[in-house]
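To convert a position in the sequence shown, counted from 1, into my numbering, add 214.
In this text, a Cβ means the ideal position worked out from N, Cα and C, and glycines have one as well.
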Amino acid sequence: MNGLFLGADLGTSGLEVVALDAGGGLVAEAEAG
215 MNGLFLGADL GTSGLEVVAL DAGGGLVAEA EAG
C-alpha cells in the first residue's frame, strides 16, 4: 500500500494544504485565504 502524506502550513497568505505520495511527488495543493 502506498502512503499518502498530508501537510498543512498556516502562512502569511493563509492556509495551504499539500498532499504528497510515498515517493514525495506532489499530488494535490490547495490554498485558502
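Residue i versus the options, residue with shortest Cα-Cα distance
i           : options            : result
residue 246 : 240, 236, 227, 220 : 227
Where residue i sits in the DSSP three-state scheme
i           : result
residue 236 : coil
residue 228 : strand
residue 247 : coil
Bridge partners - residue i, DSSP secondary structure assignment
i           : result
residue 221 : 232
Pair within 8 Å by beta-carbon distance, residue i and residue j
i           : j           : result
residue 218 : residue 241 : yes
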